[in-house]
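So the sequence shown is numbered by the working numbering: it starts at 16 and just counts up by one. In this text, a Cβ means the ideal position worked out from N, Cα and C, and glycines have one as well. To start, the structure under review is shown below, and the notes come after it.
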Amino acid sequence: MRKFDDPNEIIVAPSVLAADWSRLAEEVARAIRSGADWLHLDVMDGHFVDNISFGPQFVQTLTTTNDFFYDVHLMIERPDHYLDRFIKAGADNLTVHVEADHDVAETLRRIRAAGVGAGLAMRPETDFSRVEPYLGQIDLLLVMTVVPGFGGQKFMMETMPNLTAARKIRQARGWRFHLEVDGGVYEDTARTARDHGANVLVAGTAAFGARDMAAAVRALRG
Ligand code: DX5
Ligand code: ZN
């Protein structure tokens, strides 16, 4: 499996949340054929966000049927409690929310100890100071560009300062974590996000909703 450890490489990550779940196997194959780099899996528990999506067994079904890179986004209240099951399910990157009810540093340590990429996510309304203490312990910072819970929402421009602040600190400290955006990412907003430092672009509707997914992936990559 490729390492994906260059934060300057543009990575396109279609979100399975927006796929046609009645044809899931074909949709995943379509995403892999489209030239995308990662598959983004939005796990929702109905507590941390006002929606429920899927759990470890769903993730395991995908990771055991396609050799790809799985970027698992845990929008759940207790990521520490479920961590081992998502690691066992084959996540390549596991992103947890700073706002959730857990010992963030300990969760990030456990993810890395398992040899999995450690991601930290922040909601649009969360102050950047909440994630700053952890930037030295992560492989990826996810700046949510919509309120988490649903696909198909409008990109929130007011989240862009989070990217520029993180990029500045990363540069100053010589760190190398990826900068990911998720929510309302289309060709135009992908360009805005890239201009502010994002290199991992999650797209649900823009990717799976496209008739020509390869063209959509190319457009997102810029
Ligand atoms: C929000 C989800 C969405 C999904 C992509 O909780 O994380 O952002 O990945 O949504 P769209 O369809 O806006 O790309
Ligand atoms: Zn997501």
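Asked, Found
"Short Cβ contact (8 Å threshold) for Arg17 with Phe73", "no"
"Reduced DSSP category for Met59 - H, G, I as helix; E, B as strand; rest coil", "strand"
"Closer than 7 Å: Glu55 CB and nearest the ligand ZN heavy atom", "Looking at the sequence itself, residue 55 is His, so the reference to Glu does not match. Flag set: Cβ of His55 near the ligand ZN."
"Asn23, DSSP secondary structure in three states", "coil"
"Residue-chain proximity (Ala128, chain B), Cβ-Cβ < 8 Å", "No chain B is present in this structure, which holds just one protein chain."
"Proximity test, Ser30 beta-carbon vs the ligand ZN heavy atom, cut-off 7 Å", "yes"
"Segment limits, alpha helix (DSSP H) that includes Asn177", "Met175 to Arg188"
"Pair within 8 Å by beta-carbon distance, Ser49 and Met228", "yes"
"Length of the line joining the Cα atoms of Phe223 and Ala51", "11 Å"
"Residue range of the unbroken beta strand (DSSP E) whose run includes His88", "Tyr85 to Met90"
"Nearest to Pro22 (by Cα), restricted to the options Gly212, Arg233 and Thr220", "Gly212"
"Heavy atom of the ligand ZN within 7 Å of Val217 beta-carbon", "yes"
"Cβ neighbour criterion (16 or more within 10 Å) applied to Pro148", "exposed"
"8 Å Cβ cutoff met for His55 and Ala28", "yes"
"Beta-carbon proximity check, Gly198 vs Gln168, cutoff 8 Å", "yes"
"Opening and closing residue of the alpha helix (DSSP H) in which Thr79 lies", "Pro71 to Thr80"
"Alpha-carbon to alpha-carbon, Arg100 and Ile47", "24 Å"
"Spatially closest choice to Phe165 from Gly61, Asp86 and Glu42, by CA coordinates", "Gly61"
"Reference Phe69; option with closest CA among Asp82, Trp53, Met90 and Asn81", "Met90"
"Whether Asp152 touches Ala104 by CB criterion (8 Å)", "Reading off the sequence, residue 152 comes out as Gln, not Asp. Their beta carbons are not under 8 Å apart, which means Gln152 does not touch Ala104 by this criterion."
"Cβ neighbour criterion (16 or more within 10 Å) applied to Asp65", "exposed"
"beta-carbon Pro94 near the ligand ATP non-hydrogen atom, thresh 7 Å", "With respect to the ligand ATP, the structure shown offers nothing to examine, as its ligands consist of the ligand DX5 and the ligand ZN."
"Beta-bridge pairing of Asn108 - partner residues as DSSP gives them", "Asp86 and Gly132"
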